[in-house]
Amino acid sequence: MAKKSFIQGAAVLAVAGLLVKVLGAIFKIPLGNMIGADGMAYYNPAYYVYNFFLTLATAGIPVAISRMVSERVSFGQFREAHHVFKISRALMMAIGVGSFIIVFFGAEILAQASNVPGAAMSMRAISPALIFVPLMASYRGYFQGMQEMTPTAVSQVVEQVFRVVVGLSLAYFLYHGALELGAASRFDPKEIGAAGATLGAAAGAVGGLLVMLIVYFRSKGKIKNRIARERKGGPRSARESSRTILKKIIVIALPITIGACIMPIVNLIDVAIVVRRLMESGLERAVAENMYGQLSSFAGSLINFPQVLTQAVAMSLVPLVAAAFKQRDLPYLRENVQYGLRMSVILGLPCALGLFALAEPILVLLYPSQQASAIGAAPALMVMSIGVVFLSTVQTLTGVLQGIGKQMIPVRNLAVGVIAKIAITWVLTGIPAINVLGAAAGTVTAYLIASILNILAVRKYTGTYFDFVATAVKPFISSLVMAVCAWGSYQLLFALLNGSRMATVLAILFAIIVYAVMVLLTRTITKDEISRMPKGEKIVRILDKFIK
468 MAKKSFIQGA AVLAVAGLLV KVLGAIFKIP LGNMIGADGM AYYNPAYYVY NFFLTLATAG
528 IPVAISRMVS ERVSFGQFRE AHHVFKISRA LMMAIGVGSF IIVFFGAEIL AQASNVPGAA
588 MSMRAISPAL IFVPLMASYR GYFQGMQEMT PTAVSQVVEQ VFRVVVGLSL AYFLYHGALE
648 LGAASRFDPK EIGAAGATLG AAAGAVGGLL VMLIVYFRSK GKIKNRIARE RKGGPRSARE
708 SSRTILKKII VIALPITIGA CIMPIVNLID VAIVVRRLME SGLERAVAEN MYGQLSSFAG
768 SLINFPQVLT QAVAMSLVPL VAAAFKQRDL PYLRENVQYG LRMSVILGLP CALGLFALAE
828 PILVLLYPSQ QASAIGAAPA LMVMSIGVVF LSTVQTLTGV LQGIGKQMIP VRNLAVGVIA
888 KIAITWVLTG IPAINVLGAA AGTVTAYLIA SILNILAVRK YTGTYFDFVA TAVKPFISSL
948 VMAVCAWGSY QLLFALLNGS RMATVLAILF AIIVYAVMVL LTRTITKDEI SRMPKGEKIV
1008 RILDKFIK
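The working numbering numbers the first residue of the sequence shown as 468 and each following residue consecutively.
This is the structure we're talking about:
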């Protein structure tokens, strides 16, 4: 039952994450067409500031809530679990209000610091979201700790729908309203249009929070009944003081938050290193900046997409691992760790080899108006795609280590990888024949090192050994066959359809079908595991001829 819960929870979160990503892409395309590059120059700095404060508030604390709630629920301590939630909710509210005050009243300073003074209005517009998102995250952490992933998934989708609909609507009306007023308007149309778009984030946060509040109040009776049964069942467990709980939350959350800040900081370092080393190799600044843009904006954005799937696995693992570790149920703990890593590889490997095989066609499909840059970014994407599977394992095993109270270890491991990345990037990027591919190789190396160190740490602290054939060989065979079929079908379809971009879409769909068939034929995934997925028994009946 628990394994079924894990699979279903991960599946629900993965589907929600994919929907959120798709809606996000749908949001940016019409917005960019509406307010143009100048308007996006006001929009982007506001989101950078917003994401920074959001990372500080929500990267670690929801994980801490999930883990601490799960540990207490595993011993039937529902009263203490709810007490943890109430303390953390108050903490998140305080952090949210503080972040709002800093961004709203410091918008002018922050905009000046970003060298885009016109972004101040967008920063003020987005600042109310900093009150609601941390509060919403506390509810999500509580329900994840109870191993209920559906509330989080639904709230994520509702949040994004509100953000897209309200953001685009406000951007449209404010932008065109300012245009119609012309000189009589006090505002630059693109500036106020960008502000309307960022205000959508606040609307989305309110929508997502409302979902969590509805779920919470509907569950209030069940929560009270569990607490009442706990009281009747025997003497109460000693209640921890608010200060003790607060201290535990901070001890768990702080390393996770630091870890979440590492890669954004490294990206900032990358800007300085890559452009400088390219210029030192003989390129002019404009060319160097263009090549870095291809690496970060084109290749980098695609590499981040598969994270949605493996992040869902990690989020589902934390409460399960925390409960098993607290109860010292090592066989159950190892079973879930093994399965979690295998699922991350099953999801990550086809993404890696698929991006490698169809790097250029996918980039051209997504960026038709910037075809030259898309083609130029293809080699970097091919190199970076190798790192997808390592990033998948890093995310999953980071969740395991966080669940067993070793949250500082993945931070240290990633830091070791980052040091290697900086060194490799510095050396290779300065070689003219390699250029930005050196930075891509550095990123892959960082995740490879962190992945290996995480595997060793999980083995050390949980005694988990991984079946190499089931975890790596079978998924690799399935993914390799899929990649070859994807490349071959694309070449054929491209010729038959006279160069139409539809060839890429059809090749991707064919690749998905091939991979699904291969994981069944190679027994990469079993009949029992499929039956535990949402609607799994129905899927098994349909595919029964493939699985005995």
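The C-beta atom is built at its ideal place from N, Cα and C for all residues, glycine as well.
Burial check for P817: the Cβ neighbour count within 10 Å reaches 16 or more, so the residue is buried.
Secondary structure note for A766: it is in no alpha helix (DSSP H), with a DSSP letter that is neither H nor E. Only buried fits L776, as 16 or more other CB atoms lie within 10 angstroms of its CB. If you draw a straight line from the Cα of R968 to the Cα of A819, it is about 21 Å long. In chain order, Y509, Y510, A513, A661, A662 and T665 place their CB closer than 7 Å to the CB of S589, counting only its own chain and leaving out the 5 sequence neighbours on each side.
For M969, the secondary structure class from DSSP, reduced to helix, strand or coil, is helix. Going by beta carbons, A779 and G484 fall inside the 8 Å limit. In this structure, G821 sits near A950, with a CB-CB distance shorter than 8 Å. Under the three-state reduction of DSSP, Q614 is assigned to coil, being neither helix nor strand. One thing to note: A789 has its Cβ within 8 Å of the Cβ of E538. A Cβ-Cβ distance of about 6 Å is found for the pair K488 and F772, placing them in contact under the 8 Å criterion. Scanning the stretch 604-689 from its first residue to its last, the whole alpha helix (DSSP H) runs of 4-plus residues come out as 617-648. The alpha-carbon of G563 is positioned some 18 Å away from that of V551. The Cβ atoms of I922 and L864 sit closer than 8 Å to each other. In terms of Cβ geometry, V621 and Q869 do not form a close pair [threshold 8 Å]. For the pair R801 and R809, the Cα-to-Cα distance works out to about 12 Å.
One thing to note: G573 has its Cβ no nearer than 8 Å to the Cβ of E626. Residue burial annotation: D934 is exposed, with fewer than 16 other C-beta atoms found within 10 angstroms of its C-beta. Of the candidates I886, P601, T991 and P835, the residue whose Cα lies closest to the Cα of I732 is I886. If you draw a straight line from the Cα of G843 to the Cα of N757, it is about 10 Å long. Annotation: the continuous alpha helix (DSSP H) that includes Q579 extends over A574 to A580. Of the candidates F520, R556 and M535, F520 places its Cα closest to the Cα of F567. Around the beta carbon of R752, fewer than 16 other beta carbons sit within 10 angstroms, so the residue counts as exposed.
Less than 8 Å separates the beta-carbon of M616 from that of V479.
In terms of Cβ geometry, G905 and I898 form a close pair [threshold 8 Å].
Counting only residues of its own chain and dropping the five nearest sequence neighbours on each side, A917 has a CB closer than 6 Å to the CB of V861, N880, L881 and G884.
Pairwise C-beta distances place the stretch 950-962 in contact with the stretch 970-979, as three or more of them are shorter than 8 Å. Comparing alpha-carbon positions, the option among G499, I891 and A578 lying closest to Y517 turns out to be A578. Non-local beta-carbon contacts of G527 in its own chain, meaning distances under 6 Å to residues more than five positions away in sequence, involve A720, I723 and T724 in chain order. Listed in chain order, the alpha helix (DSSP H) runs fully inside the stretch 898-958 are 904-929, counting runs of at least 4 residues.
Annotation for I842: the continuous alpha helix (DSSP H) segment containing it runs Q838 to S852. Residue environment for E647: exposed (fewer than 16 other C-beta atoms within 10 angstroms of its C-beta). Around the beta carbon of A561, a 10 Å sphere encloses fewer than 16 other beta carbons of the protein chains shown; the residue is thus reported as exposed. V804 is positioned such that its CB atom lies closer than 8 Å to that of T931. As for any beta strand (DSSP E) of minimum length 3 sitting wholly inside the stretch 696-753, there is none. The DSSP-derived three-state label of A789 is helix.
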